[in-house]
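To start, the structure itself, in C-alpha cells.
Protein chains in written order, with the UniProt record's numbering: chain S, 1 to 347; chain V, 1 to 347.
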C-alpha cells in the first residue's frame with residue numbers, strides 16, 4: 001500500500017468511526033440511563049458524559065472501534081447494520097465493563113486523560129458499575145428479537161470469560177520473575193485480553209448478517225489477529241510513548257514493570273541486553289534514567305524490531321482471514337480501513 | 001401453624017434442598033469446569049469443591065435455596081422442573097458472583113467457615129472469577145433451547161442490576177451518619193440486595209413453566225417478600241448471633257458498624273436508647289462490652305421486636321402473593337416449606 005492509500009484509508013476510518021459514534025452513542029447512552037441512580041452516575045462519568053460532580057461533559061467515550069467492527073462486519077456480509085445496533089452497543093458495554101474492572105485491578109489512576117472511576121468514586125462503586133454494564137449488555141441481547149441474538153449472547157459470554165482469563169494471566173505474569181516468562185504465554189494472554197473482544201465484535205456482526213459458520217469464524221479470526229497487532233503497537237507506545245495521542249507517558253509500562261510483548265521478546269532474546277533488562281526489572285526502576293536504560297535495552301535486544309515485525313505478520317493473517325470471509329475487496333474495505341487505523345494510530 | 005407442622009415442613013424443606021443440591025450440583029460443577037484454569041481453581045475453591053492447594057474438598061456450596069426456588073416454582077405452576085435446570089444453575093452462579101464481589105467490597109475474610117476467595121487468591125482473582133461466573137450464567141441461558149430462556153436472561157440481567165444497586169446502596173449507607181439513615185432506605189436496599197434474587201429465582205421457575213405474566217409477577221413478589229423476611233432474620237442473627245449454624249460471631253454486624261434493619265429501626269425509634277446506640281455507632285465499638293451495650297440498646301429501642309414483627313409481616317405478604325400464583329395449597333406446599341425454612345433457620 002502506498003502512503004497515499006494509507007492516508008485515504010485513515011480518513012475513511014476516522015469518518016467511519018465518527019459515524020459509528022453518532023449511531024451508537026444515543027443507544028449506548030439510553031441503555032446507561034436505565035441504570036439505577038448511583039450506578040448511572042459512575043457510568044456517565046466513565047463514558048465521559050458527566051464530570052465527577054454530575055455536570056454535563058463533552059464526552060470522550062473512546063473511539064468506538066468495537067461497535068464500528070460489529071456494524072462493518074454485518075455490512076460486509078450483506079447484513080443490515082441497523083439491525084446489529086444492539087449488538088454493537090452490547091460489545092461497547094462489555095469493553096467498558098473490562099476497563100472499569102481492569103483499572104481497579106491494575107490500580108491505574110488515569111484513563112482518557114481523566115481520573116479513573118475508582119479513583120473518583122472508590123473501588124466498590126467501580127466494581128459494581130462494571131458488573132452492571134456487563135449485565136446490561138446481556139439484557140440488550142436478551143431483549144433483541146433478532147434471530148441471532150441468543151447465539152450472540154452465548155458468544156459474547158464466552159468472550160467475557162476469555163477476557164477474564166486474559167486479565168488473570170496478565171496479573172499472574174506480572175508477579176513472575178522477568179526471565180521466567182515465555183513469549184508464547186504473553187501472546188496467548190494478549191490474544192485473550194485484546195484479540196478476543198475485537199474478534200467477537202466481528203463475529204457478532206457476521207451472526208447478525210446471518211452468515212454461515214465458516215464466515216463467522218473467519219471474521220473472528222480477522223478481529224483477533226488485528227487485535228493482537230493493535231496490542232503490539234500499543235505495547236510499543238507503552239515503551240516509547242506518545243503522550244499527546246494516547247495519554248500514556250513515555251516508559252509508563254517499563255516504570256510499572258509491565259511484561260509487555262516487546263519487553264518479553266527482549267527478555268527471551270538470549271542477548272546480553274536481555275540480562276541487563278532483567279536486572280532493571282528486578283529492581284525498582286524508579287528514576288527516569290533507569291526507565292530510559294530499560295527502553296534502550298529492549299531496543300538493543302531486538303524487542304522493538306520483533307514487535308513491529310510481529311504486528312505486520314498479525315495484520316497479514318488478519319487480512320487473510322478477511323479475504324476468506326469477504327472475497328470481494330470492495331466489501332472488505334471498511335473493515336480493512338478500521339484494522340489499519342487501529343494498528344497505525346498515525347491519523 | 002402448629003409446631004408439629006413447622007417441624008414437618010422443616011424436614012420437608014431440608015430434604016428438598018438436599019435433593020436440589022444433588023440435581024443441580026453436577027450441572028453447576030460441569031459449568032464451572034468449563035472455565036479456564038486459573039479462574040476455575042478460584043471458583044472450585046469458592047464453591048467448596050477444592051481446597052486452596054487444589055486438593056478435593058467435601059463441598060460446602062451453600063444450601064441451594066435459590067435453585068430449589070426455581071425448580072419448586074416451575075413444578076408449582078405445572079412445569080417440568082428438569083427443563084428448568086439450566087435456569088436453576090444460572091441463578092446459583094449469579095448468587096455466587098455476588099458473594100465473590102461482595103466479599104471483596106465488604107472486605108469480609110470468612111464465608112462458610114473458610115477464608116474468602118480474595119483472602120486466599122487476592123482481590124484481582126476474586127473480582128475476575130466473579131465476572132466469569134456472571135458471564136457463565138448468561139451463557140447457560142443463551143445456549144438453552146427452552147422458549148423462555150431469552151426472557152429469563154433479560155430478567156436475570158435486570159435482577160443483577162438491582163443486586164448491584166442494592167450493594168451500592170449498602171456501601172453508601174455504611175458511610176452515612178447513624179442518625180441520617182431512614183428505615184425506608186434500608187428496606188429498599190435490603191429488597192434489592194436480598195429480595196431481588198429470590199424473587200427472580202421464583203419468576204424464572206414460572207417463566208420456564210410458561211406461566212402467564214401475572215403468575216410470573218406474583219412468584220417474583222413471593223420470593224422478594226420471603227427474601228426480605230430472610231434478611232430480617234439474618235440481621236437479627238448478625239446482632240444476637242448463632243455461630244454454630246451460620247459461622248457469624250455474636251455482634252459481628254455491630255462491631256462492623258453495619259446499619260442493618262433492626263439497628264436502623266432502633267436508631268430511628270426516637271427512644272433514649274436510640275441516642276445511646278448512635279453514640280456507640282459513631283465511636284470505634286472495639287470492645288466486647290461496647291458491642292454488648294449496642295445489642296442491648298437495639299433491644300431496648302425496640303429494634304429486635306420490630307424486626308421480628310416485620311419478618312412475620314413480610315412472610316404473610318409472601319404467602320399472599322403465592323396464593324395468587326398457586327391457588328391450590330398442595331401445589332404451593334414446597335415453596336411455602338422453603339420460605340419457612342429460610343426464615344426460621346431452626347432446622
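For every residue, glycine included, the Cβ atom is placed at its ideal position computed from N, Cα and C.
Leaving out the 5 sequence neighbours to the left and right, which residues in its chain are closer than 7 angstroms to residue i when beta-carbon positions are compared?
i                      : result
residue 240 of chain S : 250, 295
residue 276 of chain V : 297
residue 115 of chain V : 109
residue 148 of chain V : 207, 208, 210
residue 90 of chain V  : 137, 140, 141, 156
residue 238 of chain V : 248, 252, 253, 258, 260
Could you work out which residues of chain S lie near residue i, taking near to mean beta carbons separated by less than 7 angstroms?
i                      : result
residue 153 of chain V : 138, 142, 153
residue 35 of chain V  : 161
residue 57 of chain V  : What residue 57 of chain V touches in chain S: nothing, since even the nearest Cβ is about 22 angstroms away.
residue 309 of chain V : What residue 309 of chain V touches in chain S: nothing, since even the nearest Cβ is about 29 angstroms away.
Under 8 angstroms between beta-carbons, which chain V residues line up against residue i? List them in chain order, please.
i                      : result
residue 124 of chain S : 105, 167, 168, 171
residue 127 of chain S : 101, 104, 105, 127
residue 325 of chain S : Residues of chain V passing the Cβ test: none, with the nearest at roughly 23 angstroms.
residue 31 of chain S  : None at all; the shortest Cβ gap to chain V is about 11 angstroms.
residue 203 of chain S : Here the premise fails: no neighbours, minimum Cβ distance about 14 angstroms.
Around the Cβ of residue i, are there at least 16 other Cβ atoms within 10 angstroms (buried) or fewer (exposed)?
i                      : result
residue 66 of chain S  : buried
residue 56 of chain V  : exposed
residue 11 of chain V  : exposed
residue 101 of chain V : buried
residue 176 of chain S : exposed
residue 34 of chain S  : exposed
residue 18 of chain S  : exposed
residue 282 of chain S : exposed
residue 419 of chain S : This structure gives no information on residue 419 of chain S, because the portion of chain S shown stretches from 1 to 347.
residue 26 of chain S  : exposed
residue 20 of chain V  : buried
residue 262 of chain S : buried
residue 138 of chain S : buried
residue 214 of chain S : exposed
residue 178 of chain S : buried
residue 260 of chain S : buried
Which same chain residues, not among the five before or five after residue i, have their C-beta less than 6 angstroms away from its C-beta?
i                      : result
residue 230 of chain V : 342, 343
residue 86 of chain S  : 140, 144
residue 317 of chain V : 225
residue 15 of chain V  : none
residue 340 of chain S : 9
residue 346 of chain S : With a pLDDT of 42 at residue 346 of chain S, under the threshold of 50, the modelled position of this residue cannot be trusted, and the question is left open.
Applying a beta-carbon distance threshold of less than 9 angstroms, which residues of chain V neighbour residue i?
i                      : result
residue 158 of chain S : 135, 139
residue 131 of chain S : 97, 98, 101, 130, 131, 134, 160, 161, 163, 164, 167
residue 109 of chain S : In chain order: nothing, as chain V lies at least about 16 angstroms away.
What does residue i touch in chain V if you count any residue whose Cβ is under 7 angstroms from its own?
i                      : result
residue 262 of chain S : Near residue 262 of chain S there are no residues of chain V at all, since even the closest Cβ is about 24 angstroms away, more than 7 angstroms.
residue 190 of chain S : In chain order: nothing, as chain V lies at least about 15 angstroms away.
residue 273 of chain S : Those do not exist, as residue 273 of chain S stays about 31 angstroms from chain V at its closest Cβ, beyond 7 angstroms.
Against residue i, what residues of chain S qualify as contacts under a CB-to-CB distance less than 8 angstroms, listed in chain order?
i                      : result
residue 38 of chain V  : 165, 168, 169, 172
residue 84 of chain V  : Per Cβ cutoff of 8 angstroms: no residues; residue 84 of chain V is ~17 angstroms from chain S at best.
residue 255 of chain V : Simply none; closest approach about 20 angstroms.
Any heavy atom of the ligand NAP closer than 7 angstroms to the CB of residue i?
i                      : result
residue 284 of chain S : No copy of the ligand NAP appears in this structure; indeed no ligand is present at all.
Excluding sequence positions up to five away, which residues of its chain have a Cβ less than 8 angstroms from the Cβ of residue i?
i                      : result
residue 285 of chain S : 254, 255, 257, 291, 294
residue 159 of chain V : 94, 196, 197, 199, 200
residue 203 of chain V : 73, 155, 216, 217, 219, 220, 223
residue 314 of chain V : 225, 226, 228, 229, 232
Closer than 9 angstroms by beta-carbon distance: list the chain S residues that pair up with residue i, in chain order.
i                     : result
residue 88 of chain V : Near residue 88 of chain V there are no residues of chain S at all, since even the closest Cβ is about 18 angstroms away, more than 9 angstroms.
Handout entry: Any 3 or more C-beta pairs closer than 8 angstroms across the region 40 to 50 of chain V and the region 125 to 133 of chain V
Key = yes
Practice task
Within the region 312 to 344 of chain V, note down every full alpha helix (DSSP H) run reaching 4 residues or more, in order along the chain.
Solution key: 329 to 344
Practice task
Check whether the region 197 to 211 of chain V touches the region 77 to 84 of chain V, counting contact only when three or more Cβ pairs, one atom from each stretch, lie closer than 8 angstroms.
Solution key: Touching, yes, given that three or more Cβ pairs across the two stretches are closer than 8 angstroms.
Practice task
Report yes or no: do three or more beta-carbon pairs, one from the region 182 to 191 of chain V and one from the region 170 to 187 of chain S, lie closer than 8 angstroms?
Solution key: no
Handout entry: Length-filtered (4 minimum) alpha helix (DSSP H) runs lying within the region 41 to 84 of chain S
Key = 65 to 76
Exercise for the section: Could you say if the region 154 to 163 of chain V and the region 145 to 165 of chain S meet the contact criterion of at least three C-beta pairs nearer than 8 angstroms? Expected result: no
Exercise for the section: Mind the definition here: the region 316 to 330 of chain V touches the region 274 to 292 of chain V only if three or more C-beta pairs lie below 8 angstroms; say whether that holds. Expected result: no
Exercise for the section: Can you check the region 246 to 274 of chain V for any alpha helix (DSSP H) of at least 4 residues that lies completely inside it and give the ranges in chain order? Expected result: 252 to 255, 261 to 267
Handout entry: Secondary structure, alpha helix (DSSP H): runs of 4+ residues fully inside the region 75 to 148 of chain V
Key = 85 to 106, 117 to 121, 123 to 142
Exercise for the section: Please list the segments of the alpha helix (DSSP H) lying wholly inside the region 178 to 234 of chain V, counting only runs of 4 or more residues, in order along the chain. Expected result: Counting whole runs of 4 or more residues, the region 178 to 234 of chain V contains the alpha helix (DSSP H) stretches 183 to 190, 196 to 208.
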